[in-house]
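Peer 1: Here it is: the structure, laid out below.
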Amino acid sequence: MKKTGAQIVVDALVREGVKVAFGYPGGTVIPIFDVLYDTKELTLVLTRHEQGAAHAADGYARATGQVGVCIATSGPGAMNVMTGVATAYLDSIPMVIITGQVASPLLGTDAFQEADIVGVSRSITKHNYLVKNVEDLPMTLKRAFHIARTGRPGPVLVDVPIDIARSVLDNYEYPAGEVTMRSYKPTVEGHPKQIEKAAAMIAAAKKPLVFGGGGIISAGAHEELKTFVESTNIPVTLTLMGLGAFPGDHPLFIGMPGMHGGKCANRVLQECDLIISVGARFDDRVTGFVAKFAPNASVIHIDVDPASVSKIIKVDVPVVGDAKNILAALNKIIKPRAADTWNETVNGWKGDKLFTYQPSSDEIKPQAVIEKLFDLTKGDAVVCTEVGQHQMWVAQYYKFLKPRTLISSGGLGTMGFGLPAAMGAALTNPGLPVFNVAGDGSIQMNIQELATIAINKIPVKLIILNNCYLGMVRQWQDLFYDKRYSSTCLRRGINCTPCKDPRDCKKIYTPDFIALAKAYGIEAFRAEKPADVDEVLRKGIAVDGPAVMEFMISLEENVFPMVPAGKSLDEILEG
Amino acid sequence: MAAHHKTHTISVLTENHSGTLSRVSGLFSSRGYNITSLTVAETEDHTISRMTIVVTGDESILEQIVKQLNKLVDVIKVVDFMEEPIIERELLLIRVDSTKSNRHEIIETANLFGAGVAAVAAGSVTLELLGTKDRVDDFIAMLKPYGIKETVRSGAVAIAKSKK
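In the order they appear, the protein sequences are chains A and B.
Under the working numbering, the first residue of the first sequence carries the number 819, and numbering increases by one thereafter.
Under the working numbering, the first residue of the second sequence carries the number 280, and numbering increases by one thereafter.
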């Protein structure tokens, strides 16, 4: 069949099962958008910024496990996508990014809107392609999807020069069957010998701990994990990326570890004699000072990426492969283990609550808003976050019961991620309400997407925890920089003198988020005192469609516990 | 250099695509590693390139780089020659000042090393040597007193000794 390059791109997306893609047009992608104009099988959602398109595609992927797709033009369009690509790369999210490029003969000439995007994106993509012949386009696209979704998932970028999009392939056929590549063959089945070794090590351990990460969610291994944990009675800690992989209300769940993890999880890490790591990569926010991390523990590391093994922590028994396959194999041979004194000890450390804060009747406590959100949704919601204090309060106080219900930028820590990601998640029709919990700083980084949400009536419920600060940096300044709040007060103008008490500030916060939401045609509610919290949440949830809820929270609330950067997990600061 | 630093010769078979060299070298540069030498050429299969990389550095970081090399989608095979006996060779082209009176002496030195004479001009002689890195180093040292105009080294290529 005769098809243009642009038609081939769109046909490939449709054949790969893409129902919704996100994008923004521009000179070099007009041919592709022209084909999209009357493609019925695929809806292109026009965002208000290419970064929004990338995060929306990412949110779509995180909510479903399918490959998220975004399309942007060459040069500035593609550059705006890069933060979204790096975000997906660090969290191993399957994405295909289609970027337009200047015509092939102009490559490398500093042509209008030219950027060397395969060069720029090389270290933040799992793989990328510059298409040089229209004949190569079908297989390149097929491989892009294959690489994005297999092994350790990740973003794959395909750069399509406009002359390729315009040229015609006479005998087009989308490649059928499985992709085989001599240079790319991810290991998915765990080695049986290694699984046996792991089982023996688990049987011999006195103080074992399951340490799970996002790999459980991307492998869809949560059922196998639950079977494993319930037959062995081993306590479970989950990293930020892993939250939801094991029920947050399960008696064996001991909370998130790391910098803002619970005291119990960090203590168990420091005391345990065996870490069974599943799909986690020992990020520095989790380990703290590596040399003092889990000093008594041997480590079993289950990971689909061999390069993750012994990257940070010396591993005793690596098992490379897909977590679902490996846990299923392990479940067949593992000896059941009854709860014993180790479980009693751990439960003693756990106490009644994993995280606690000082309640207040004068000021709205952010933790109270998150707890209330959990009470009202009972965990039946997708909760997206931006990055900062509010993100940690969500991780601490919302109980994630199912996988893919928390959507958060863990690795790159990208402010501005949550709103577009929530948009992408909501467009997957998850059958659950979709929230984005934001701080007043983060929300302003991609707030233009309120227009996309309003116009398309995407039912995203936006919760803004407004403390008038870039709270997480302010917290570090509070704790480690002698309260010198340099450039973290969002009410501060260049003529402000340092203030004694932020509560005395008479300046009005800009923007008025309620008025702003209304300007977009979105219903909005504000809570100024603790008594308003319940009503505002209920009102926002009740709206048929998007809603904005703003909570004026205590100005200088800090996230605790906290293990300062570079300290060991037993050096914990408490509020 | 710290004691745990070692020199590795790493042989990488890759798809013969544009961009592959940047991907490979990027793994070293992003960690602040300087590559001692890197040679690239097609193999007997023209769709496959071989890169021979010589690098010195911290053991654990090099182990990580080898894993990352394996992870690259365009990389077919990585062999770190650390543990096995290899044949390693480098090509040297060197131009040395020479006069009528010492030309014979220079050529005699070249003969001792098994080097050849690539070109002779009025004020200089250009020699070629194939050898191990040490042999090339020694040869250059021997020629230094005559005055070296220019040296060009190819960087090492290596092949495993066939197994008995």
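C-beta atoms are modelled at their ideal positions from N, C-alpha and C, and glycine is treated no differently.
Predicted, not measured: the structure shown is a model, and the values here were computed from it.
Would DSSP call A/K858 helix, strand or coil?
Peer 2: If DSSP states are grouped into helix, strand and coil, A/K858 belongs with coil.
Peer 1: Pick helix, strand or coil for A/N1051, following the three-state DSSP scheme.
Peer 2: coil
Peer 1: Pull up the DSSP beta-bridge partners for A/I1093, would you.
Peer 2: Beta-bridge pairing links A/I1093 to A/L1027, A/V1117.
Peer 1: Would you call the region 1360 to 1377 of chain A and the region 1276 to 1288 of chain A in contact, with 3 or more CB pairs under 8 Å?
Peer 2: yes
Peer 1: Quick check on DSSP: helix, strand or coil for A/N1284?
Peer 2: Look at A/N1284 here: in three-state DSSP terms it is strand.
Peer 1: Give me, in chain order, the residues of the same chain whose beta-carbon lies closer than 6 Å to that of A/I982; leave out the 5 immediate sequence neighbours on both sides.
Peer 2: G823, V949, V952
Peer 1: Could you check how far apart the C-beta atoms of A/D1101 and A/G1033 are, in whole angstroms? I think they sit under 8 Å.
Peer 2: Actually they are not in contact, since the Cβ atoms of A/D1101 and A/G1033 sit about 12 Å apart, beyond 8 Å.
Peer 1: Does any residue of chain B have a CB that is nearer than 8 Å to the CB of A/K1324?
Peer 2: no
Peer 1: Could you name the residues of the same chain whose beta carbon sits closer than 7 Å to that of A/P1177, not counting the 5 residues immediately before and after it, in chain order?
Peer 2: Excluding residues within five positions, the ones whose Cβ falls inside 7 Å are K1183, A1186.
Peer 1: How would you label B/V399, buried or exposed, when you count the other beta carbons within 10 angstroms and need 16 or more for buried?
Peer 2: The residue in question, B/V399, is exposed, as its Cβ has fewer than 16 Cβ neighbours within 10 Å.
Peer 1: Out of A/E1007, A/Y1216, A/F1343, state which residue places its alpha-carbon closest to the alpha-carbon of A/G969.
Peer 2: Closest option to A/G969, Cα to Cα, is A/E1007.
Peer 1: Here's the rule: buried if 16 or more other CB atoms are within 10 angstroms of the residue's CB, otherwise exposed. What is A/P849?
Peer 2: buried
Peer 1: By the three-class DSSP mapping on this structure, what secondary structure does A/H873 have?
Peer 2: helix
Peer 1: So, at 7 Å on beta carbons, what are the nonlocal neighbours of B/D353 in its own chain, with the 5 sequence-adjacent residues on each side left out?
Peer 2: T293, E294, H296, T299, R302
Peer 1: Pull up the DSSP beta-bridge partners for A/V914, would you.
Peer 2: A/V887, A/V974
Peer 1: Between the beta-carbon of A/Q1295 and the beta-carbon of A/V1377, is there less than 8 Å?
Peer 2: Not closer than 8 Å, so no.
Peer 1: With respect to 7 Å, is the separation between the Cβ of A/K1025 and the closest non-hydrogen atom of the ligand NAD below this value?
Peer 2: Annotation note on the ligand NAD: not contained in the displayed structure, which lists no ligands.
Peer 1: Please go through the same chain and pick out, in chain order, the residues whose beta-carbon is closer than 6 Å to the beta-carbon of B/A439, but skip the five residues on each side of it.
Peer 2: E363, I365
Peer 1: Could you compute how far the alpha carbon of A/S1126 sits from the alpha carbon of A/V1028?
Peer 2: 17 Å
Peer 1: Just how far apart, CA to CA, sit A/A1383 and A/M1074?
Peer 2: 17 Å
Peer 1: Using a Cβ cut-off of 8 Å (strictly closer), state whether B/R302 contacts chain A.
Peer 2: yes
Peer 1: Got a sec? Which residues, its chain only, sit under 7 Å from A/F1071 by beta carbon, not counting five neighbours each side?
Peer 2: V1054, F1064, P1065
Peer 1: Residues of chain A with CB under 9 Å from B/D359, in chain order?
Peer 2: Simply none; closest approach about 14 Å.
Peer 1: A/V1108 to A/N1165, Cα distance in whole Å?
Peer 2: 26 Å
Peer 1: Hey, B/T405 and B/A397 are a contact pair by Cβ (cut 8 Å); roughly how many whole angstroms apart?
Peer 2: 4 Å
Peer 1: In whole angstroms, give me the CA-to-CA distance for B/L370 and B/P424.
Peer 2: 21 Å
Peer 1: Take B/T286 and list the residues in its own chain whose beta-carbon comes closer than 6 Å to its own, dropping the five residues that flank it on each side.
Peer 2: T335
Peer 1: Does A/Q919 come out as helix, strand or coil in the three-state DSSP assignment?
Peer 2: DSSP places A/Q919 in strand when its eight states are reduced to three.
Peer 1: With DSSP run on the structure shown, which of helix, strand or coil describes A/V903?
Peer 2: helix
Peer 1: To which residues of the same chain is A/K1301 closer than 8 Å at the C-beta, ignoring the five residues directly before and after it?
Peer 2: Q1295
Peer 1: Leaving out five residues before and five after A/V828 in sequence, what residues of the same chain have Cβ atoms less than 8 Å from its Cβ?
Peer 2: I850, V853, L854, T857, L860
Peer 1: Does DSSP put A/N1254 in a helix, a strand or coil?
Peer 2: DSSP places A/N1254 in strand when its eight states are reduced to three.
Peer 1: What residues match up with A/F1071 in a beta bridge as DSSP calls it?
Peer 2: Assignment of beta-bridge partners to A/F1071 by DSSP yields A/V1054.
Peer 1: Relative to the alpha-carbon of A/E991, which residue among A/R880, A/I826, A/Q1088, A/N1114 has its alpha-carbon at the smallest distance?
Peer 2: By alpha-carbon distance to A/E991, the top candidate from A/R880, A/I826, A/Q1088, A/N1114 is A/I826.
Peer 1: Assuming A/M1399 and A/R1099 form a contact by the criterion Cβ under 8 Å, report the distance between their Cβ atoms to the nearest whole angstrom.
Peer 2: This structure cannot speak to residue 1399 of chain A, because chain A is shown only from 819 to 1393.
Peer 1: Could you compute how far the alpha carbon of A/I1130 sits from the alpha carbon of A/T1105?
Peer 2: Their Cα atoms are separated by approximately 9 Å.
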